[in-house]
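Protein chains: 2
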Amino acid sequence: MPNAHDVLFRTLADPTRRALFERLCREGEQTVGALTAQSGVSQPAVSKHLGVLRLAGLVRDRHEGRQTHYSAQLGALAPLIDWTSQMAGFWQSRFDDLEDLLKRMDQ
Amino acid sequence: MPNAHDVLFRTLADPTRRALFERLCREGEQTVGALTAQSGVSQPAVSKHLGVLRLAGLVRDRHEGRQTHYSAQLGALAPLIDWTSQMAGFWQSRFDDLEDLLKRMDQ
DNA sequence: GGGATCGATAACCTGATGGCTATGATTGAC
DNA sequence: GTCAATCATAGCCATCAGGTTATCGATCCC
Chain G
8 MPNAHDVLFR
18 TLADPTRRAL
28 FERLCREGEQ
38 TVGALTAQSG
48 VSQPAVSKHL
58 GVLRLAGLVR
68 DRHEGRQTHY
78 SAQLGALAPL
88 IDWTSQMAGF
98 WQSRFDDLED
108 LLKRMDQ
Chain Z
8 MPNAHDVLFR
18 TLADPTRRAL
28 FERLCREGEQ
38 TVGALTAQSG
48 VSQPAVSKHL
58 GVLRLAGLVR
68 DRHEGRQTHY
78 SAQLGALAPL
88 IDWTSQMAGF
98 WQSRFDDLED
108 LLKRMDQ
């Protein structure tokens with residue numbers, strides 16, 4: 008059972024897919040057609056990528072007639088930010104431990 | 008030509024590999040043997056993962072006799088942090104644009 | 001209704017990747 | 001020198017992921 012970090016990292020690991028997400032972040036809501044036009048891959052490929060992004064919670068879709076509009080859900084990046092600061096935190100606390108050790112050695 | 012973001016995301020996308028990195032962040036420098044013991048995969052698999060992490064700049068290796076000690080290089084996470092805040096920035100500026108628009112409509 | 005457009009799904013193919021076992025290269029112990 | 005230990009590399013295999021074309025469902029236009 009993959010956790011939230013797994014899903015996020017794996018989803019963002021593909022360049023094409025990440026480019027789609029970046030574009031939605033930069034330019035806001037876009038239709039599948041608009042996204043396809045600039046993606047360099049076929050429309051079904053884009054649809055599949057958007058599906059993966061949606062499952063990861065990174066985008067929302069909104070249906071309007073024949074068109075589907077996708078938009079980025081920035082909040083979904085939270086676990087990624089958490090993970091990063093957690094890693095930094097571990098690092099820091101190990102550094103603190105070292106500092107403590109050195110202090111005690113100093114006495 | 009994959010950029011820094013590509014390499015980082017793809018490297019951290021694999022759960023086994025990310026677990027190795029997390030462990031090095033938490034517990035500091037470790038030998039390949041120690042890492043293998045807790046990884047659930049074979050020693051060659053661990054070595055391969057460590058090689059990938061090293062190519063991504065996420066770990067350093069230090070040779071000491073027969074043993075190889077690996078340690079996390081937290082600085083390598085910088086592009087990931089940059090990317091995340093860039094996405095947040097795009098989001099924010101689009102929000103600002105919207106605010107501007109609403110303000111101008113208000114006049 | 002009939003045809004065109006838009007997007008999702010199906011079916012398939014291929015390359016990349018992560019795992020394994022086997023072995024090689026170095027170093028340490030005796 | 002010999003054997004054991006540690007890690008890296010080689011070679012192989014199975015799975016998966018991303019791409020394609022073909023097609024379907026739904027909507028719009030006439």
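Protein sequence lines, in the order shown, are assigned to chains G and Z.
Positions in the first sequence are counted from 1; adding 7 to them yields my numbering.
Positions in the second sequence are counted from 1; adding 7 to them yields my numbering.
No residue lacks a Cβ here, since even glycine has one placed at the ideal position from N, Cα and C.
Exposed or buried, residue 56 of chain G, counting other C-beta atoms within 10 Å across all chains shown (16 or more means buried)?
buried
Using a beta-carbon distance below 7 Å, is residue 86 of chain Z in contact with chain G?
no
Starting from residue 74 of chain G, follow the beta strand (DSSP E) in both directions and report where the run begins and ends.
74-79
Taking 7 Å as the threshold (beta carbon to beta carbon), is residue 13 of chain G in contact with chain Z?
yes
Buried or exposed, going by whether 16 or more other CB atoms sit within 10 Å of the CB of residue 84 of chain Z?
buried
Could you have a look at residue 48 of chain Z and say whether DSSP puts it in helix, strand or coil?
coil
When the distance is taken between beta carbons, is residue 80 of chain G closer than 7 Å to residue 59 of chain G?
no
Would residue 22 of chain Z and residue 13 of chain G be called neighbours here (beta carbons separated by less than 7 Å)?
yes
Answer yes or no: does any C-beta atom of chain Z fall closer than 7 Å to that of residue 64 of chain G?
no
Which residues in chain G sit within 8 Å of residue 91 of chain Z, going by Cβ to Cβ distance?
84, 87, 88, 91
Minimum C-alpha distance to residue 61 of chain G - residue among G:78, G:95, G:48, G:52:
G:78
Can you tell which of G:101, G:26, G:32 has its C-alpha closest to the C-alpha of residue 100 of chain Z?
G:32
Neighbourhood of residue 18 of chain Z by C-beta, 7 Å cutoff - its chain only, sequence neighbours within 5 removed:
24, 59, 60, 63, 65
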